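Accompanying notes for the structure given below.
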Amino acid sequence: MFNNLFIKKSSSKDVAKDRLKLVLIHDRANCSTQVLEMLKTDIIRVISNYMEIDEDELDIQITKTETDDKENSVPMLYANIPIKSMHKNQG
31 MFNNLFIKKS SSKDVAKDRL KLVLIHDRAN CSTQVLEMLK TDIIRVISNY MEIDEDELDI
91 QITKTETDDK ENSVPMLYAN IPIKSMHKNQ G
């Protein structure tokens, strides 16, 4: 009965907010949404060979970060990929 009280449901406001954040991140990093989606698909495909992941909680972003000398910025790939379980060795 009380279980539903603690489950976070995505509202349309939250979805719109996440989409806007994604657009802003891509704009800052000069990376198109299509490229990021292709990257996500490839990462999921490769990682799924070795482990089961939580695709709903997957967070992949491309941002810009300053170099050590603080004079330039470079693109940075950030990936937070929750692992549900590891696949047993197949060999």
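If you're matching positions, the sequence shown starts at 31 in my numbering and goes up one per residue. Cβ atoms here follow ideal geometry from the backbone N, Cα and C, with glycine treated the same way. As the structure is a prediction and not an experimental result, all values here were calculated from the model.
Suppose you measure from the CA of residue i to the CA of residue j; what does that come to, to the nearest Å?
i, j, result
"Glu87", "Asp98", "31 Å"
"Val65", "Thr71", "10 Å"
"Leu107", "Val45", "22 Å"
"His117", "Ser103", "38 Å"
Which class does residue i belong to by DSSP, given the choice of helix, strand or coil?
i, result
"Leu35", "Confidence at Leu35 is low in this model, with a pLDDT of 49, below 50, so its placement is unreliable and no value can be given for it."
"Lys43", "helix"
Using 8 Å as the threshold, is the C-beta distance between residue i and residue j below it?
i, j, result
"Ile73", "Ile92", "no"
"Ser115", "Glu82", "yes"
Contained alpha helix (DSSP H) runs [length at least 4] in the region 63-89, N- to C-terminal order: 63-77
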